[in-house]
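Enquirer: Have a look at this one.
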Amino acid sequence: MTPSKNGLKAIAFIEALKGLISLIVGLGIHVLAGENLQKIAESIVSHAHLNPASHFPSIFLHAASSITDSNMSLIALGALAYSLVRFVEAYGLWKAFVWTEWFALVSGAIYLPFEIYEIIFHTHILTVCVFLLNVVVVCYMASVLYSKRKKDTELLLPSKTS
Numbered sequence: 024m025t026p027s028k029n030g031l032k033a034i035a036f037i038e039a040l041k042g043l044i045s046l047i048v049g050l051g052i053h054v055l056a057g058e059n060l061q062k063i064a065e066s067i068v069s070h071a072h073l074n075p076a077s078h079f080p081s082i083f084l085h086a087a088s089s090i091t092d093s094n095m096s097l098i099a100l101g102a103l104a105y106s107l108v109r110f111v112e113a114y115g116l117w118k119a120f121v122w123t124e125w126f127a128l129v130s131g132a133i134y135l136p137f138e139i140y141e142i143i144f145h146t147h148i149l150t151v152c153v154f155l156l157n158v159v160v161v162c163y164m165a166s167v168l169y170s171k172r173k174k175d176t177e178l179l180l181p182s183k184t185s
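Numbering-wise (my numbering), the sequence shown opens with residue 24 and increments by one.
Encoded structure:
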């Protein structure tokens, strides 16, 4: 197996993992519809022995308190749609379909400005790690597509070695 195939499979695994997490969240939100999400969120934070006043737990608690029953279904559908996109991308990358390579490049690059904003205004080790991982994926996908394009060009144009 070539390094390109190994890299694509690693990125496919990451995309499938993102899809699985999104699917679990979407189904979890659907199951919890009608429940008091604020109490459930407080229970999760307490059970995990997290400080509710720290950054990420407070974001989680605030988000749980602001979700209404009417938009829970929309959030669940959005999470399910996102997971479907991630699973399709993972399958396409695993099979090395060129269109999914382009999709991975564009979908990864779209997040970069938002991640840079987060690093500038809300620096945290997690945001930096996510940004760096995304930069690696985008650069890798660009190099894969560039090498394929270069290879295709060499096949179309005869070399001048005679």
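In this text, a Cβ means the ideal position worked out from N, Cα and C, and glycines have one as well.
Starting from Lys118, trace the alpha helix (DSSP H) in both directions and tell me its first and last residue.
Expert: Within the sequence shown, the letter at position 95 stands for residue 118. Run containing Lys118: none; DSSP gives neither H nor E here.
Enquirer: Apart from the five residues on each side of it in sequence, which residues of its chain come closer than 8 Å, Cβ to Cβ, to Gly101?
Expert: Reading the sequence shown from its first residue, position 78 is the one you call residue 101. So the list reads Gly49, once near-sequence residues are dropped.
Enquirer: What residue from Gly115, Ala119, Asp175 and Leu135 has the CA that sits closest to Thr150's CA?
Expert: As a working mapping, residue 150 is identified with position 127 in the sequence shown. Considering only alpha carbons, the answer is Leu135.
Enquirer: Output the distance between the C-alpha atoms of Glu58 and Ala33, rounded to the nearest integer angstrom.
Expert: Locating residue 58 in the sequence shown gives position 35, where the first residue counts as 1. Locating residue 33 in the sequence shown gives position 10, where the first residue counts as 1. Computed Cα separation, rounded: 38 Å.
Enquirer: On the three-state DSSP scale, how would you describe Ala99?
Expert: Your numbering for residue 99 matches position 76 in the sequence shown. Residue state, collapsed to three classes: helix.
Enquirer: Do the segment 58 to 71 and the segment 153 to 166 touch if we need at least three Cβ pairs shorter than 8 Å?
Expert: Contact fails: fewer than three Cβ-Cβ distances are below 8 Å.
Enquirer: I need the boundaries of the alpha helix (DSSP H) containing His72, first residue and last residue.
Expert: Within the sequence shown, numbered from 1, the residue matching residue 72 stands at position 49. No alpha helix (DSSP H) holds His72; DSSP gives it neither H nor E.
Enquirer: Which value, in whole angstroms, describes the spacing of the CA atoms of Val108 and Thr176?
Expert: In the sequence shown, the residue the question calls residue 108 occupies position 85. In the sequence shown, the residue the question calls residue 176 occupies position 153. When rounded, the distance between both Cα atoms is 31 Å.
Enquirer: DSSP three-state label for Ile90, please.
Expert: Position 67 of the sequence shown, counted from the first residue, corresponds to residue 90. Three-state DSSP puts Ile90 in coil, outside helix and strand.
Enquirer: Would you kindly check if the distance between the Cβ of Leu60 and the Cβ of Ala87 is under 8 Å?
Expert: As a first step, residue 87 must be located in the sequence shown, where it is residue number 64. As a first step, residue 60 must be located in the sequence shown, where it is residue number 37. Cβ atoms of Ala87 and Leu60: closer than 8 Å.
Enquirer: Pull up the distance between the alpha-carbon of Leu55 and that of Lys62, whole angstroms please.
Expert: Sequence index remark: in the sequence shown, residue 55 carries index 32 (1-based). Sequence index remark: in the sequence shown, residue 62 carries index 39 (1-based). Whole-angstrom Cα-Cα distance: 12 Å.
Enquirer: Using three-state DSSP, classify Thr146 as helix, strand or coil.
Expert: Locating residue 146 in the sequence shown gives position 123, where the first residue counts as 1. If DSSP states are grouped into helix, strand and coil, Thr146 belongs with coil.
Enquirer: Around the Cβ of Ser106, are there at least 16 other Cβ atoms within 10 angstroms (buried) or fewer (exposed)?
Expert: Residue 106 sits at position 83 when you count from the first residue of the sequence shown. The residue is buried, with at least 16 neighbouring Cβ atoms inside 10 Å.
Enquirer: Looking at the structure shown, is Glu141 part of a helix, part of a strand, or coil, going by DSSP?
Expert: Residue numbering aside, residue 141 sits at position 118 when the sequence shown is read from its first letter. Looking at Glu141 - three-state DSSP - the assignment turns out to be helix.
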